[in-house]
Every structure is written in structure tokens, then in C-alpha cells.
Amino acid sequence: MASSPKYVSEDHSFIPATSPDAQRSPCPALNSLANHGYLPWNGSSITFSQLLHAVRTVYNLSYPLALLLTIAGFATCAKFSRGAWTLDLAALAARGGAKIAHDASLVHPSGAPSHAPDPVLLASLLGAAAPAPAPGITLEGLAAVHVARARSAPPLDGLHRQIAFGECALTSLVMGDPATGAVARETLAQWFGEERLPAGWWEDPGRPEKTVGLRQARKTAGTVQEFVEHASHVS
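Each residue of the sequence shown is one higher than the one before, starting from 1076 at the first, in our numbering.
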């Protein structure tokens, strides 16, 4: 195996992004894929097929959902070089009306590009989750964290509101208990904080046993929206 950090061990062991050459995004899901070598470790020049295959395989997303997420990333942040479209993870931090990065994120600060979790926001998220053996944080709890973030951030437009709801929804669907949707505090710390796949990911009950589908994701994001709108009316 070559010594360059863009090459990783074949067993997909965790290698954190400690090199300045390693690009990372505001998304723990994608950063974890790179830190485990399911995407190029350096986070640059990722092909469409690499990203689609990685999110489908590692997170057990349906083809339509994985395709939608991949298209969204490439449509907003990809670059054309040497006759092909590729994506750099760092490009996903770009801000703008047609970009994916949004304010009121669970662990990233508002108003500026961010490539790593903010320690204060991460601590706040972990503080909202009950420690084991309690279930952690529910979908409603994740929505409440978003509401708290939104109170100190500029108002989100319609697109970025939906992306923020999707952040909460996919966190619950991919990392949560299959019966309750609650995400364990330790899982939050590993995925959002260390940007690694939680311990025992490929063992039961790690990776989602049932494929996470597009319709399910939309429905769950809609539930998040209901929680958020209710909290806004109450406050």
C-alpha cells in the first residue's frame, strides 16, 4: 500500500483527517466515509459513482434516495476538470442560495463555511441526549436542537429549511434505534464529533437493517417540520 494519506487500509479502519491535504465537508456522513476510506481519504476529486456507491452501501440508503443526495451534491458543488465532473468535500461548505450548507446546523456554526464540528455546539447536542442506558435523543429532541440553533441564526429560506429538516431526519433514520428512532449519545459523539462510523457499525444493531427509502425520509423530515413549527408557535 502506498504511503500517501489518500490511500487507506483495505479493512476501512478509521483514519482521522489530520493532514492539511485532507478536505472535509460540513456533513458528518460524508466525512466519516472519507475517514474510513469508502471515499478517497483526501476528500478530493470524488466521482459521481464513488459517492453514490458509498452512501448506498455504508448507510443502506435506497437507490432513489442515494441518487437524489448525490445529484444534489454534484449539481451545487461539483467541478469539471480533465473531462469529468468530480466533487471535493470542502466545496460542500460553500454558502449561498443554491448551495447545500445551511445555518442552524446541529454542530456547525452559522454564517461561515465550516469543515469541522464546533466544540460548543457539539457539547450542546450531546447535552440534549440522555446518557446510556437511556435512549439518547429522539427525533423531537433533534428538532428542538434545531429550533435552538435557528433562534440565534438568520432566518432560513425554504430550501435550506428543508435541508435542515432532512439533517435531523436522516440522523434519526440512519443512526437511530430502529424501533424508536432515538440516537444514543455515544453514537452522536462518534458520528458528529469524531466523524467516524459508530462502534459495531457492521454488526447488529449498527447499520440500518432495513433500507432507508426516499418516501420514508420525506415523511420523517415532514415530522421534523411539524415539531419545529409547533415549537415556534409555542415560543
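All C-beta atoms, glycine included, are put in the ideal place defined by N, C-alpha and C.
Three or more C-beta pairs closer than 8 angstroms, one from the stretch 1208-1218 and one from the stretch 1091-1100: is that the case here? no
Is S1079 buried or exposed, if buried means 16 or more other CB atoms sit within 10 Å of its CB? Locating residue 1079 in the sequence shown gives position 4, counting from the first residue. Any reading at S1079 needs caution, since the residue's pLDDT is 40, under 50, leaving its predicted position unreliable; the model's value is listed next. When all chains shown are included, S1079 counts as exposed.
Where does V1195 land, buried or exposed, given buried means 16+ other C-beta within 10 angstroms? Numbered from 1 along the sequence shown, position 120 holds the residue referred to as residue 1195. Exposed.
Let me know the alpha helix (DSSP H) ranges lying completely inside the stretch 1212-1280, each 4 residues or longer, listed in chain order. 1214-1226, 1233-1250, 1260-1263
For a quick check, are the C-beta atoms of A1203 and A1219 less than 9 angstroms apart? Position 128 of the sequence shown, counted from the start, is the residue given in the question as residue 1203. Position 144 of the sequence shown, counted from the start, is the residue given in the question as residue 1219. Yes, the Cβ-Cβ distance between A1203 and A1219 is below 9 angstroms.
Provide the residue(s) that pair with V1314 in DSSP beta bridges, ordered along the chain. Missing from the structure shown is residue 1314; the chain here goes from 1076 to 1310 and no further.
Our contact map puts D1178 next to L1231 with C-beta atoms below 8 angstroms; I'd like the distance itself, whole angstroms only. Taking the first residue of the sequence shown as position 1, residue 1178 is located at position 103. Taking the first residue of the sequence shown as position 1, residue 1231 is located at position 156. Yes, they are in contact, since the Cβ atoms of D1178 and L1231 sit about 6 angstroms apart, within 8 angstroms.
Pair within 9 angstroms by beta-carbon distance, T1255 and T1213: In the sequence shown, residue 1255 corresponds to position 180, counting from 1. In the sequence shown, residue 1213 corresponds to position 138, counting from 1. Cβ distance < 9 angstroms, so T1255 and T1213 count as in contact.
My assumption, with CB atoms under 8 angstroms, is that L1164 sits in contact with S1100. Please give the rounded CB distance. Sequence index remark: in the sequence shown, residue 1164 carries index 89 (1-based). Sequence index remark: in the sequence shown, residue 1100 carries index 25 (1-based). Contact flag correct, Cβ pair sits at about 4 angstroms.
CA-to-CA distance, T1145 to K1081, given in whole angstroms: Here residue 1081 refers to the residue found at position 6 when the sequence shown is read from its first residue. Here residue 1145 refers to the residue found at position 70 when the sequence shown is read from its first residue. In this prediction, K1081 scores a pLDDT of 48, lower than 50, which makes its location untrustworthy; the coordinate-derived value is nonetheless stated afterwards. The straight-line gap from Cα to Cα measures roughly 21 angstroms.
By Cβ distance, which residues of its chain are closer than 6 angstroms to A1077, with the 5 residues on each side in sequence left out? Indexing the sequence shown from 1 puts residue 1077 at position 2. Model confidence at A1077 stands at a pLDDT of 35, short of 50, so the residue's coordinates are unreliable; what they give is reported in the following sentence. Cβ within range, chain order: n/a, list empty.
So, at 7 angstroms on beta carbons, what are the nonlocal neighbours of L1162 in its own chain, with the 5 sequence-adjacent residues on each side left out? Looking up residue 1162 in the sequence shown gives position 87. Around L1162: I1121, L1126, G1148, F1149, C1152, A1153.
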